[in-house]
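These notes are about the structure you will find just below.
In this note's numbering, the protein residues as written are 103 to 548.
Structure (structure tokens):
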């Protein structure tokens with residue numbers, strides 16, 4: 103069975119200057135992907151759309167992969183003159199009817215990481231089958247420009263930002279408004295640093311912004327959905343109603359209430375589901391192996407189907423399409439609402455939560471009062487992900503001990519990260535004291 107050589111759970115990612123994130127590889131990737139896309143999607147305009155985030159390396163890598171596409175004979179549309187969120191590429195792919203969308207970003211990682219995410223002609227993430235074909239082309243194809251019948255041409259799309267802003271705003275109900283709400287938006291010094299505050303202002307909110315001064319090196323640095331301390335302080339200090347935390351490429355979101363209390367993906371997804379139930383039946387929801395067990399129990403209580411997919415919003419979306427359902431997500435903040443978009447979008451997800459708050463005239467804690475979550479904690483253990491943790495006797499032994507102790511009262515989940523060289527270990531139980539005891543035992547053996 104073929105195992106992906108370059109692609110992880112969400113595109114290709116690594117340290118800038120490493121074996122995968124450099125000018126030469128970016129060119130080869132663009133060249134190979136251009137050939138694959140042109141062969142597969144011949145009913146589309148023979149072009150791709152490229153967007154990027156705010157990392158210092160993103161412009162360089164954007165130029166390199168663009169050159170590869172042009173050499174393969176594929177035209178390239180560059181999205182406006184400044185960074186745009188990952189999900190904007192998905193939107194633009196469909197509106198322009200092009201072969202694919204490419205995003206130069208490493209999402210929630212710090213600036214010295216970068217990567218490439220891809221969307222197919224239909225706005226969904228690439229299938230594993232297409233990824234494998236691209237990998238084989240990278241390894242097998244000589245960089246011979248005779249592969250191209252003609253060279254591609256590049257073009258700047260000057261209206262793409264405004265188009266995407268309108269697309270986001272259209273996901274908010276026409277009969278509702280954010281007037282009267284004071285919101286702090288944390289854009290993580292990332293790709294939504296101009297767009298996100300604009301969307302919420304246009305819908306009537308009074309907006310304070312942090313994480314909107316990117317310098318190429320401060321993306322996700324003490325700001326964004328993985329670091330909400332500053333946002334919490336800013337919400338409380340400014341007596342705001344809510345805080346919205348995005349990550350570096352704006353496909354994740356967390357929301358804070360007026361007290362600075364953080365609500366993550368599982369809780370936000372439940373708010374959206376509960377709001378949808380006011381108008382429509384929700385057939386089912388897709389989570390992942392990391393989704394809180396309390397969420398699953400509540401879905402069952404409401405008579406809503408629930409499935410667990412592998413980690414990654416692509417896996418969630420694929421399972422949704424397979425089941426014919428509309429809603430899914432991850433506790434990390436990837437939330438998919440297929441009634442509005444084909445991929446996770448932090449801004450659109452936040453707008454769905456805000457619509458529920460405005461419509462119900464309740465705060466998040468009140469809306470979530472019937473959702474009883476299990477206590478959960480995740481730790482990262484540095485790890486060479488080419489190796490199996492099961493071959494490490496010390497780790498295997500302590501994991502087995504913890505699993506036995508949690509039997510009937512909770513669970514432990516161990517998985518390799520698809521984007522970082524770490525093992526992610528999640529412990530979940532009804533009581534936090536049991537979670538903390540289990541985590542302490544694991545840490546003591548590392």
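Ideal Cβ placement from N, Cα and C applies to all residues, glycine included.
Sorting 309, 530, 490, 534 by C-alpha distance to the C-alpha of residue 517 places 490 at the top.
A Cβ-Cβ distance of about 49 Å is found for the pair residue 254 and residue 362, leaving them out of contact under the 8 Å criterion. Within the segment 396 to 424, the beta strand (DSSP E) runs of at least 3 residues that lie entirely inside it are, in chain order, 407 to 411. DSSP places residue 177 within a strand segment (E or B) once states are collapsed to three. Taking C-beta atoms as the reference points, residue 390 and residue 411 count as a pair closer than 8 Å. Assigned with DSSP and collapsed to three states, residue 494 falls in coil, not helix or strand.
Residue 548 counts as exposed, since fewer than 16 other beta carbons sit within 10 angstroms of its beta carbon. Straight-line measurement puts the Cα of residue 534 at about 46 Å from the Cα of residue 262. Annotation: residue 277 to residue 344 spans about 21 Å, alpha carbon to alpha carbon. Taking 8 Å as the cut-off, the beta carbon of residue 353 is found closer than this to the beta carbon of residue 436. In the DSSP secondary-structure assignment, residue 216 is bridged to 116. Note on residue 267: 16 or more other CB atoms within 10 angstroms of its CB, so buried under the neighbour-count rule. Our two residues, residue 319 and residue 336, have alpha carbons roughly 22 Å apart in a direct line.
Excluding five sequence positions before and after residue 532, the CB atoms of its chain that fall closer than 8 Å to its own CB belong to 476, 477, 511, 512, given in chain order.
DSSP places residue 531 in the uninterrupted beta strand (DSSP E) bounded by 524 to 531. For residue 478, the three-state secondary structure derived from DSSP is strand. Judged by beta-carbon spacing, residue 368 lies beyond the 8 Å limit of residue 465, meaning their Cβ atoms are not closer than that value.
Of the residues 332, 325, 148, 341, the one whose Cα lies closest to the Cα of residue 351 is 325. Beyond the five residues adjoining it in sequence on each side, residue 168 comes within less than 8 Å, by CB distance, of 132, 152, 178, 180, 256 in the same chain, given in chain order. When secondary structure is reduced to three states using DSSP, residue 319 falls in the coil class, being assigned neither helix nor strand.
When DSSP states are grouped into helix, strand and coil, residue 347 belongs to the strand group. Cβ contact annotation for residue 196 (same chain, cutoff 6 Å, sequence separation greater than five): 225, in chain order.
Taking 8 Å as the cut-off, the beta carbon of residue 349 is found closer than this to the beta carbon of residue 209. Look at residue 301 here: in three-state DSSP terms it is helix. Counting only runs of at least 3 residues, the segment 136 to 160 fully encloses the following beta strand (DSSP E) elements, listed from N- to C-terminal order: 147 to 154. The C-alpha of residue 395 is placed about 12 Å away from the C-alpha of residue 403.
Scanning 487, 107, 481, 524 for the CA closest to the CA of residue 543 turns up 481. For residue 356, the enclosing beta strand (DSSP E) begins and ends at 355 to 358. Scanning the segment 229 to 301 from its first residue to its last, the whole alpha helix (DSSP H) runs of 4-plus residues come out as 230 to 242, 262 to 271.
The C-alpha of residue 108 is placed about 29 Å away from the C-alpha of residue 495. Separation of residue 130 and residue 119 (C-alpha to C-alpha, rounded to the nearest whole angstrom) is 15 Å. Under the criterion of beta carbons closer than 8 Å, residue 155 and residue 293 qualify as touching, at roughly 4 Å. Between residue 386 and residue 405, the C-beta spacing is not below 8 Å. Secondary structure of residue 513 (DSSP, three-state): strand.
Comparing alpha carbon positions, the residue from 162, 203, 127 closest to residue 147 is 203.
In the structure shown, residue 195 adopts helical secondary structure according to DSSP, grouped into three states.
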